[in-house]
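Residue numbers (the working numbering): 0 to 727. For reference, the structure is listed below as structure tokens.
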């Protein structure tokens, strides 16, 4: 790590080298952006390939996946001394991620360097300062008020120095990274110990201190002791109550909290394909608890599916082209090998007070009685960065639904922490959140919350002996609630849910029965849930309409910020983000470019959306931008309340299908004519004529919620224009 007394000239020289490193991306075979938020920063698989080939020729042996990615990012692959566990490597990470607690000092140090902009793509995520008290919305409002100064500093510093900013409530850093920034083969460093979560998407993602992050943001090569590689060979298939969490709980029991120190844990073998991408992320996330540098899985069809479902099919296609560099070489050698047969793996629960004290769920009650641990479970907590995926929430809801069918609710208190706004909104849409509330749960903010001790716990006094079960990653003494007498156990979300319903550590859902409200005994069936939402398509929040992050610096420049219009939304026609058909040229292109083409040629255009269009932030730019680029109407099945009002104030027409099934009658190349605007009146539907390319046409009805004042806004072009008229 470089000392911060370095002269600015040295830093600028280092930055210059890094700028050349990035600029050379222009010559790669396929230019695919790292993320939707950084369209001019490209994935460098060509450079990864070149470096791997140099190192393979030097070492003259097969390489592990970990070695390929790490050595593929060497600053000087031709001359770097390489010996596992001994030499120090000088590396060029692809990007940096920071959570809000550590980002404050990191940004202050970067500012002191005098550099004008970060040298690599970097992001800040506001997830650590939100305390769990009453529930999601109330806790978020309180956090924004208490931490306003911190959030303002991080947002403005990020805007000035080119660092993306994810506001409080957007989600936990590691889930946001997985959904938006991680990709196979990436080398990412993050200022949080659970950064390895990104290994579930085939990247080498390493937790570091803030000063290391500053080095990388300043363009200085990052030093890492050449890691050893521990291979974990998985055979068999996950099934029943056994989950991905049980893999890492088992590994923790084998290696202990120190067994992975100085090593990358690399999972491989035929059993890998039975684990979802988010399940792999869970395993990598908790790998931090065995002291590992990071953990990683090889690229496979599960990752390809996840990338495609999260609007990154172009990255998946590029990864397929370079797949040989994203899996281990046949015959590669590991420093240690562990084998786990997933067919034989049983549900585990680890604790208390340490994450490597492993027990099969079937045995923990007996052990607890022997050790004098409290059997009654006071609180069950699911979510956190480790286990808050759509699949996790779905499996927990599947357990809760069975209990509700028999008239039962949780005997223990029960909390749910979604990993991101995308997860929260999707589980709300698909009914999972309501099922978890119905069984007695409270949905907390999309933040770290109790997992890191941000929990204003009221049900016990400090010093009172009690037991909690969580789907988190750590359970050290006092970690969750500052009470040294809280016996915390970690397990999978579905086991937490089952134990919270039963209320005791003595319950084994694989064999034991519950008694329903009618007095009849029943046994919970093993939960099953979709790995990913069957519809990703159809969700369009204000983040999809007007992305934040690096775009925040353009909020005072409407034309510039309009270049982010709808770049995060999925086009139902091709399943891609920021790719729509130009009805005139028939070519696919970015949404802002297509809208500007229409505007230039005097063509009015509309957006067709699904349910709850514009949910999330109250972001006014999500209404300003479509108006600026020539949009006339937004037609959906339903709107989020605030966004609907914002559209009206900007002179746009937020309209809804009188018959929601009419949504399916409109196609991307159709021409629409909205009739009745001359006689526009409150409560009076409008006719919409749909003209299809084959010459046929049909008429549908569109509803609206305009009152007289809002109709005046529309006729004047906006609420502001109407106000000016009234002042004249």
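Using N, Cα and C, we set each Cβ at its ideal position, and we do this for glycine too. Everything numeric in this text was worked out from a predicted model, so none of it was measured.
- Per the coordinates, the alpha-carbon of residue 654 lies some 45 Å from the alpha-carbon of residue 272.
- Of the residues assessed, residue 705 falls on the buried side of the cut-off, its CB having 16 or more other CB atoms within 10 angstroms.
- For the 7 Å CB-CB criterion, residue 699 and residue 671 do not form a contact.
- The residues 314, 315, in chain order, have a CB closer than 6 Å to that of residue 306 in the same chain once the five nearest residues on each side in sequence are set aside.
- Distance check between residue 270 and each of 440, 292, 504, 246 places 246 closest, using alpha-carbon atoms only.
- With a contact defined as Cβ atoms closer than 8 Å, residue 385 and residue 474 miss out at about 12 Å.
- Comparing alpha-carbon positions, the option among 144, 545, 196, 493 lying closest to residue 621 turns out to be 545.
- Within the DSSP secondary-structure output, residue 687 pairs in a beta bridge with 673, 699.
- By the neighbour-count criterion, in which a residue is buried when 16 or more other Cβ atoms sit within 10 angstroms of its Cβ, residue 54 is buried.
- The residue from 295, 353, 310, 267 with its alpha-carbon nearest to that of residue 288 is 353.
- Judged by DSSP secondary structure, residue 260 falls outside any beta strand (DSSP E); it is assigned neither H nor E.
- In the DSSP annotation of this structure, residue 605 is not part of any alpha helix (DSSP H); the continuous beta strand (DSSP E) holding it starts and ends at 604-607.
- For residue 114, the secondary structure class from DSSP, reduced to helix, strand or coil, is coil.
- Separation of residue 646 and residue 553 (C-alpha to C-alpha, rounded to the nearest whole angstrom) is 20 Å.
- By the beta-carbon neighbour count (other beta carbons within 10 angstroms, threshold 16), residue 208 is exposed.
- DSSP places residue 60 in the coil class of the three-state scheme, outside both helix and strand.
- Between the stretch 126-137 and the stretch 429-449 there are three or more inter-stretch CB-CB distances shorter than 8 Å, so the stretches are counted as touching.
- Secondary structure in the stretch 407-433: the alpha helix (DSSP H) runs of 4 residues or longer, each lying completely within the stretch, are 420-428 in chain order.
- Around the beta carbon of residue 421, 16 or more other beta carbons sit within 10 angstroms, so the residue counts as buried.
- Nearest to residue 254 by C-alpha distance, out of 242, 275, 230, 177, is 230.
- Collapsing the DSSP output to three states places residue 155 in a helix.
- Between the stretch 649-665 and the stretch 622-640, the count of C-beta pairs closer than 8 Å reaches three or more; the two stretches touch.
- Beta-bridge partners of residue 369 (DSSP): none assigned.
- Around the beta carbon of residue 325, 16 or more other beta carbons lie within 10 angstroms, which makes this residue buried.
- For the beta strand (DSSP E) assignment, the uninterrupted runs of no fewer than 3 residues enclosed by the stretch 297-367 are, from N- to C-terminal side, 335-340, 347-349, 357-359.
- Three or more Cβ pairs closer than 8 Å define a contact, and the stretch 103-123 meets that threshold against the stretch 209-224.
- With a cut-off of 8 Å on Cβ pairs, the stretch 578-587 is not in contact with the stretch 606-613, counting fewer than three such pairs.
- For the pair residue 376 and residue 468, the CB atoms are nearer than the 7 Å cut-off.
- Taking residue 47 as the centre and dropping the five residues before and after it, the same chain places the C-beta of 67, 68, 71, 72, 184, 321, 324 closer than 8 Å to its C-beta, in chain order.
- In the three-state reduction of the DSSP assignment, residue 125 falls in the coil class.
- Per the C-alpha coordinates, the member of 89, 95, 51, 64 positioned closest to residue 33 is 95.
- Straight-line measurement puts the Cα of residue 198 at about 14 Å from the Cα of residue 191.
- Exclusion of the five residues before and after residue 99 leaves 123, 124, 125, 126, 127, 128, 149, 153 as the residues of its chain whose Cβ lies within less than 7 Å of its Cβ.
- Rounded to the nearest angstrom, the gap between the Cα atoms of residue 158 and residue 714 is 36 Å.
- Distances from the alpha-carbon of residue 337 to those of 411, 268, 515 put 268 closest.
- In the DSSP assignment, residue 283 falls within the unbroken alpha helix (DSSP H) covering 276-285.
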